[in-house]
Amino acid sequence: MKPLKRALKALIVTLLAYLVQVCVMKYLTFQGIHGSVVFAALAVIIVSCGKKYAFCASCLIGMMMECMAASVPVLYVIAYPVITMFIAQSFADMTDRQLERRQMIIEGFRVRVSEGKVKEHWWQRFMLRYRDSDLPPIVRIPVSAALMDLLMNAVLAVYMYLIGEELTGTHLWRILISMLYTAALSLILMVPLRWILGMYRKRKPHEGGELL
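Numbering follows this note's numbering, in which position 130 of the sequence shown is assigned residue number 133; successive positions increment by one, without gaps.
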């Protein structure tokens with residue numbers, strides 16, 4: 004029953020995100036640019052529910068956007084699931100087996116560094132410091148939302164270039180603003196959406212006073 008309940012909550016979040024995107028965001032523009040509530044919601048689903056729920060939500064979003072707001076045929080129905088699953092590979096919660104495998108890789112690299120077989124660069128030290136476990140949701144959600152928005156805008160920019168539109172610095176500036184706007188939306192919506200998904204449910208005390 005619990006997976007079904009979570010699936011229904013994810014469906015509610017997906018539908019709400021779509022409705023806000025198509026009905027409300029056109030009135031909340033910044034310099035003519037509107038962020039993506041859809042990607043903000045998908046980022047929350049990726050981190051909170053996992054890859055399966057994110058894939059289903061992205062497919063539903065893609066089909067609805069294709070039917071109601073498509074400017075390029077078949078683009079949305081393909082792009083949303085592909086982009087979502089690409090980002091989910093790095094930002095979704097990992098299983099215990101995946102965490103153990105990654106820990107083994109990290110420990111092996113550290114041993115090779117200590118033996119002088121490879122040289123450790125500053126960016127590798129930074130990554131290893133924060134890759135022993137999953138990053139907190141407050142980091143993963145806005146980063147994944149911004150990256151999904153970047154990938155979608157990159158796809159649209161490539162399409163514009165292929166049809167003869169000249170790309171300028173203004174396009175890059177608008178993409179940057181869109182990314183930051185989407186990341187800010189994800190931070191604002193993160194708490195209420197995670198609450199809807201049941202991520203802040205209080206744990207009930209078990210007999211003897213222990214929490215379940």
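Built from N, CA and C at the ideal position, the CB exists for glycine as well.
Three-state secondary structure assigned by DSSP to residue i
{"i": "I166", "result": "coil"}
{"i": "A95", "result": "coil"}
{"i": "L7", "result": "helix"}
{"i": "V142", "result": "helix"}
{"i": "P84", "result": "helix"}
{"i": "V16", "result": "helix"}
{"i": "M202", "result": "coil"}
{"i": "S74", "result": "coil"}
Residue range of the alpha helix (DSSP H) that includes residue i
{"i": "H217", "result": "No answer is possible for residue 217: the residues shown for the chain start at 4 and end at 215."}
Candidates the options: closest to residue i by CA position
{"i": "W35", "options": "S51, R177 and I86", "result": "In the sequence as presented, Trp is not what sits at residue 35; that position holds Gly. Residue R177 is the option with its Cα nearest to G35."}
{"i": "P82", "options": "Y203, M67, F94 and S93", "result": "Checking the sequence shown, residue 82 turns out to be Ala, not Pro. The shortest C-alpha separation from A82 is found at M67."}
{"i": "K8", "options": "Y56, L45 and S147", "result": "Y56"}
{"i": "A44", "options": "G201, R197 and M202", "result": "R197"}
{"i": "I64", "options": "I86, C52 and L192", "result": "I86"}
{"i": "L154", "options": "A95, L179 and G53", "result": "L179"}
{"i": "V25", "options": "L175, P139, C70 and A60", "result": "C70"}
{"i": "L54", "options": "A91, P84, V23 and L22", "result": "Looking at the sequence provided, one finds Lys at residue 54 rather than Leu. Ranking A91, P84, V23 and L22 by Cα distance to K54 puts A91 first."}
{"i": "Y162", "options": "P76, A149, I191 and M193", "result": "P76"}
{"i": "A160", "options": "A60, M151 and H174", "result": "H174"}
{"i": "F58", "options": "Y30, Y164, L31 and A10", "result": "A10"}
{"i": "V146", "options": "A60, L190, V194 and P6", "result": "L190"}
{"i": "M151", "options": "G201, G172, S93 and P195", "result": "S93"}
{"i": "S181", "options": "V194, N156 and I199", "result": "N156"}
Counting Cβ pairs, one atom from each stretch, are 3 or more of them under 8 Å apart for the segment 24–40 and the segment 185–199? yes
Between the segment 5–23 and the segment 157–175, do at least 3 Cβ pairs fall closer than 8 Å? The segment 5–23 vs the segment 157–175: no contact.
For the segment 18–66, list the beta strand (DSSP E) runs that are entirely contained and at least 3 residues long, ordered along the chain. none
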